[in-house]
Amino acid sequence: MRESSGGQGLKLPDDQGLAHVVEEGARLTPDRPLLSRRVEGGWRDTTCREFAEDVRRVGQALIGEGVRRGDRVAVMGSTSYEWVLADLAVLSIGAVSVPVYPTASEEQVRHIITDSGAAWCFAETGEQQRDLERIGGDSWQVWAFAELNLWCEREASGADGAVFDERRAQVRADHLATIVYTSGTTGMPKGCMLTHRNMFAASAASVEHLGETWRTSGGEQAATLLVLPLSHIFGRTILVACLYAGTRTGLLPGFPALLDALASFRPTLMGLVPYALEKIRKAARAMGLDPAAERVAIEVGRARFAGKPIPDEIKAEFTRLDATLFARLREALGGRWTHAISGGASLDETTAVFFRGIGVNVLGAYGLTEAATAVTINPLEDNRINSAGRPVPGVTVALSDDDEVLVRGLNVTPGYWPGVRDGDAMGVHEENPGWLPTGDLGRLDEDGYLYITGRRKEILVTSSGKNISPTPLEDRVRLHPLVSNCMVVGDNRSFATALITVDPAAIEKWAAAHDVNLQTPGWGRNPALSEELRSAVDDANGLVSRAESIREFRVLEADFTLAAGQLTPSMKLRRKVIERDHAEVIESMYAK
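Heads up: the sequence shown begins at 1 in the UniProt record's numbering, then just goes up one per residue.
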């Protein structure tokens with residue numbers, strides 16, 4: 001069995017919990033800006049010392065409310081200072097945080113509450129608070145985020161502080177820290193247990209893997225904008241990495257707020273999903289990036305990834321663009337952004353090379369909830385295109401005989417929450433005991449870099465026996481300015497087809513220019529629109545053989561949504577639901 005190892009990892013001492021990271025920051029760099037909230041006219045910084053004091057006050061309040069060690073406390077809301085504060089206060093007193101997506105359906109919320117046995121909950125909005133109170137009934141307590149601010153203003157007694165210190169001192173590295181419910185692409189979410197050690201190992205390893213990038217940039221404090229949902233473990237791992245490294249972290253509620261915040265906050269690195277990078281690339285087109293300039297950026301990016309000089313035929317044009325258009329784009333992105341960690345899904349190659357061409361080095365990464373996200377990241381000194389990178393410190397990656405990616409390390413979950421009784425077990429692989437089976441397929445090159453080649457459950461097999469990986473095709477189609485989402489169909493069919501949805505803002509502009517009435521049912525079958533999107537499909541088909549290509553597609557007049565159960569909270573496609581909801585449209589593509 002072939003392996004690739006990241007070497008020795010950082011181990012959280014047995015007698016410490018994650019709150020130690022907050023305490024160390026307050027002790028070593030008390031006045032360092034740590035967390036930032038957007039306010040009218042700018043940003044409001046909270047220092048390491050101020051954050052530690054807020055965590056202490058909220059922790060004391062939770063103890064006063066009766067929260068005991070091991071109690072599960074749910075947190076529902078978008079990324080914010082209050083979310084971070086609630087989470088760290090819960091962990092500091094030995095309780096267990098249970099993230100809940102603010103966009104989760106009532107059925108999903110009820111399942112998470114019931115399965116985890118949560119008796120307490122924080123809610124961002126009054127509406128969420130009322131919904132949670134109705135779902136949970138009289139058996140639990142729901143606090144609004146606003147309550148946290150009141151707790152922070154309280155003057156606690158010395159006795160309260162002594163009780164808090166005692167509870168914090170009882171937290172151990174191997175104690176359960178959080179139960180993170182997986183996105184549930186094939187069914188109801190399952191609760192993945194992560195210990196304080198798991199979360200620290202993943203976050204600290206991510207920092208050490210990239211060296212000083214998390215700490216300093218150009219002699220100044222490194223900074224990041226955190227727009228990832230904290231309900232997802234990717235966002236939590238990035239957060240703890242920032243707390244550990246002392247990175248100034250701007251907290252934003254979601255991707256729509258990102259573009260407006262870049263120029264004022266001026267991040268140096270960010271952890272993003274491909275969806276966000278694609279949105280930024282499309283926004284660059286609205287800032288004046290024309291196809292010719294984009295091609296130049298892509299060619300320069302390819303050369304930089306390959307470690308080769310810029311081709312002579314575009315060198316002069318690149319020099320001109322780099323001093324004009326590309327310089328304006330970099331300034332609009334904050335002027336200091338040099339690195340991005342891309343995880344959560346596959347990233348189209350042209351997006352990675354485009355960013356590299358304008359000066360942002362996108363580091364491909366790989367992880368999963370059961371490994372606290374961080375498994376592999378590309379190193380700064382040898383970032384390889386289309387690769388998920390090398391294992392971070394403390395992690396070893398191997399491939400089974402059938403090329404399934406296996407993981408072992410300090411970050412790997414001890415298992416699913418006992419409420420799950422479907423026979424799942426972590427760290428157990430039939431032929432390779434002690435390894436976490438990921439369900440992803442991959443290959444390792446001679447230097448130990450991991451390449452994800454597909455997913456066991458997301459390989460489409462046509463009726464002729466041809467295997468098709470839908471993700472690269474979907475990624476490429478989504479790059480078209482009009483496209484919002486794409487799903488390839490073809491399992492047990494004679495060929496592959498696709499369902500395409502459009503971006504609301506982009507389609508309105510296109511419709512106005514082409515005199516198309518979007519209020520009239522059937523506009524998705526407009527020949528001009530089909531012709532426009534044919535270019536996106538043809539571009540995607542250029543990645544694969546004829547047997548794997550998309551032969552037919554249909555434009556849907558409504559996007560895939562969370563509310564309809566067609567997307568997971570982390571924006572993954574629920575393929576079976578989409579196929580069921582659009583069965584008639586799919587059948588029309590095979591009617592010929």
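Backbone N, C-alpha and C define an ideal beta-carbon position, used for all residues, glycine too.
Measuring only the C-alpha atoms, how far is aspartate 401 from alanine 146?
Numbered from 1 along the sequence shown, position 401 holds the residue referred to as residue 401. Numbered from 1 along the sequence shown, position 146 holds the residue referred to as residue 146. Between aspartate 401 and alanine 146, the C-alpha separation is close to 53 Å.
Between which two residues does the alpha helix (DSSP H) containing arginine 32 stretch?
Translated into the one-based positions of the sequence shown, residue 32 becomes position 32. Here arginine 32 belongs to no alpha helix (DSSP H), and DSSP marks it neither H nor E.
CB valine 392 to CB alanine 374, shorter than 7 Å?
One-based indexing of the sequence shown puts residue 392 at position 392. One-based indexing of the sequence shown puts residue 374 at position 374. It is a contact, given that the beta carbons lie within the stated cut-off.
Among Ile377, Pro256, His480 and Gln221, which residue has its Cα nearest to the Cα of aspartate 538?
Taking the first residue of the sequence shown as 1, we reach residue 538 at position 538. Selected option, being the one with the closest Cα: His480.
Just list the residues that DSSP pairs proline 391 with in beta bridges.
Your numbering for residue 391 matches position 391 in the sequence shown. The partner list for proline 391 (beta bridge, DSSP) reads Thr376.
Got a sec? Which residues, its chain only, sit under 7 Å from asparagine 485 by beta carbon, not counting five neighbours each side?
Within the sequence shown, residue 485 is the residue found at index 485, counting from 1. So the qualifying residues of the chain are Arg478, Thr501, Asp559 and Phe560.
Between phenylalanine 305 and asparagine 378, which are expected to be in contact by the criterion C-beta below 8 Å, what is the C-beta distance as a whole number of angstroms?
Here the question's residue 305 lines up with position 305 in the sequence shown. Here the question's residue 378 lines up with position 378 in the sequence shown. Contact doesn't hold; Cβ gap of about 10 Å is too wide.
Short of 7 Å in beta carbon distance, which residues of its chain neighbour alanine 345, apart from the five on each side in sequence? Order them along the chain.
As a position in the sequence shown, residue 345 is number 345, starting the count at 1. Same-chain partners within the cutoff: Val273 and Pro274.
Evaluate the contact criterion for the stretch 87-107 versus the stretch 124-137: three or more CB pairs, one atom per stretch, below 8 Å.
Counting Cβ pairs under 8 Å, three or more are found: they touch.
Look at glutamate 124 and glycine 77 and say whether their C-beta atoms are less than 7 Å apart.
Taking the first residue of the sequence shown as 1, we reach residue 124 at position 124. Taking the first residue of the sequence shown as 1, we reach residue 77 at position 77. A contact, by the Cβ cut-off of 7 Å.
Distance, Cα to Cα, serine 545 vs threonine 46?
Sequence index remark: in the sequence shown, residue 545 carries index 545 (1-based). Sequence index remark: in the sequence shown, residue 46 carries index 46 (1-based). Spanning the two alpha carbons is a distance of roughly 54 Å.
Quick check: the Cα distance between threonine 413 and tyrosine 590, rounded to an integer number of angstroms?
If you number the sequence shown from 1, residue 413 lands on position 413. If you number the sequence shown from 1, residue 590 lands on position 590. Looking at the two C-alpha atoms, the distance is approximately 44 Å.
Just how far apart, CA to CA, sit leucine 85 and aspartate 54?
Here residue 85 refers to the residue found at position 85 when the sequence shown is read from its first residue. Here residue 54 refers to the residue found at position 54 when the sequence shown is read from its first residue. Rounded to the nearest angstrom, the two C-alpha atoms are 7 Å apart.
For arginine 284, count neighbouring C-beta atoms within 10 Å of its own C-beta (all shown protein chains included) and say buried if the count is 16 or more, exposed if not.
Locating residue 284 in the sequence shown gives position 284, where the first residue counts as 1. The residue asked about is misnamed: residue 284 is alanine in this sequence, not arginine. By the 10 Å Cβ count, alanine 284 comes out buried.
Where does proline 267 sit, in a helix, a strand or coil, going by DSSP?
Against the sequence shown, residue 267 aligns to sequence position 267. Three-state DSSP puts proline 267 in coil, outside helix and strand.
Return the first residue and the last residue of the alpha helix (DSSP H) that isoleucine 358 is part of.
Taking the first residue of the sequence shown as 1, we reach residue 358 at position 358. From DSSP, the alpha helix (DSSP H) with isoleucine 358 extends over 349-358.
Just list the beta strand (DSSP E) runs in the stretch 196-273, keeping only unbroken ones of 3 residues or longer that don't cross its boundaries, in chain order.
The qualifying runs are 223-226, 248-251 and 269-272.
What does a CB cutoff of less than 7 Å around serine 231 pick up in its chain, not counting 5 residues either side in sequence?
For the purposes of this step, residue 231 is taken as residue 231 along the sequence shown, with counting starting at 1. Closer than 7 Å at Cβ, skipping near neighbours: Pro99, Val100, Tyr101 and Pro569.
If you reduce the DSSP assignment to three classes, tell me which class aspartate 539 lands in.
The residue labelled residue 539 in the question sits at position 539 within the sequence shown. If DSSP states are grouped into helix, strand and coil, aspartate 539 belongs with the helices.
Since aspartate 403 contacts leucine 441 with CB under 8 Å, what's their CB separation in whole angstroms?
The sequence position of residue 403 within the sequence shown is 403, counting from 1. The sequence position of residue 441 within the sequence shown is 441, counting from 1. Between leucine 441 and aspartate 403 the Cβ distance is about 5 Å, and since that is below 8 Å, they are a contact.
Would you call the stretch 198-218 in contact with the stretch 228-246, where contact means no fewer than 3 C-beta pairs closer than 8 Å?
Enough Cβ pairs lie closer than 8 Å, so yes.
Thinking leucine 10 and tyrosine 81 are a contact (beta carbons under 8 Å), I'd like their distance in whole angstroms, please.
Taking the first residue of the sequence shown as position 1, residue 10 is located at position 10. Taking the first residue of the sequence shown as position 1, residue 81 is located at position 81. With 8 Å as the limit, leucine 10 and tyrosine 81 do not qualify as a contact, their Cβ atoms being about 27 Å apart.
Among residues of its own chain, excluding the 5 on either side of tryptophan 143, which ones have a beta-carbon nearer than 6 Å to its beta-carbon?
For the purposes of this step, residue 143 is taken as the residue at position 143 of the sequence shown. Once the five neighbours on either side are set aside, the close Cβ partners of tryptophan 143 are Phe122.
Nearest-angstrom Cα distance between serine 469 and glycine 454?
Against the sequence shown, residue 469 aligns to sequence position 469. Against the sequence shown, residue 454 aligns to sequence position 454. Rounded to the nearest angstrom, the two C-alpha atoms are 6 Å apart.
Suppose you measure from the CA of valine 170 to the CA of alanine 95; what does that come to, to the nearest Å?
As a position in the sequence shown, residue 170 is number 170, starting the count at 1. As a position in the sequence shown, residue 95 is number 95, starting the count at 1. Note on identity: in this sequence residue 170 is glutamine, with valine being the wrong assignment. In a straight line, the C-alpha of glutamine 170 is about 11 Å away from that of alanine 95.
Check each candidate in Lys279, Arg248 and Leu91 and name the one with the smallest Cα separation from alanine 505.
Translated into the one-based positions of the sequence shown, residue 505 becomes position 505. The shortest C-alpha separation from alanine 505 is found at Lys279.
Where does arginine 44 sit, in a helix, a strand or coil, going by DSSP?
On the sequence shown, position 44 is the one that residue 44 refers to. Strand at arginine 44.
Nearest by alpha-carbon distance to arginine 68: which of Arg57, Ala118 and Thr29 is it?
In the sequence shown, counting from the first residue as 1, residue 68 sits at position 68. Per the Cα distances, Ala118.
Quick check on the burial criterion: 16 or more other C-beta atoms within 10 angstroms. Buried or exposed for residue 616?
Residue 616 lies beyond the stretch modelled for the chain, which goes from 1 to 592, so this question has no answer here.
Going by C-alpha to C-alpha distance, which of Gly367, Ser92, Phe51 and Asp581 sits closest to leucine 176?
Translated into the one-based positions of the sequence shown, residue 176 becomes position 176. Taking only the C-alpha atoms, the option nearest leucine 176 is Ser92.
Just list the residues that DSSP pairs asparagine 361 with in beta bridges.
As a working note, residue 361 is residue 361 in the sequence shown. Bridge partners of asparagine 361: His339.
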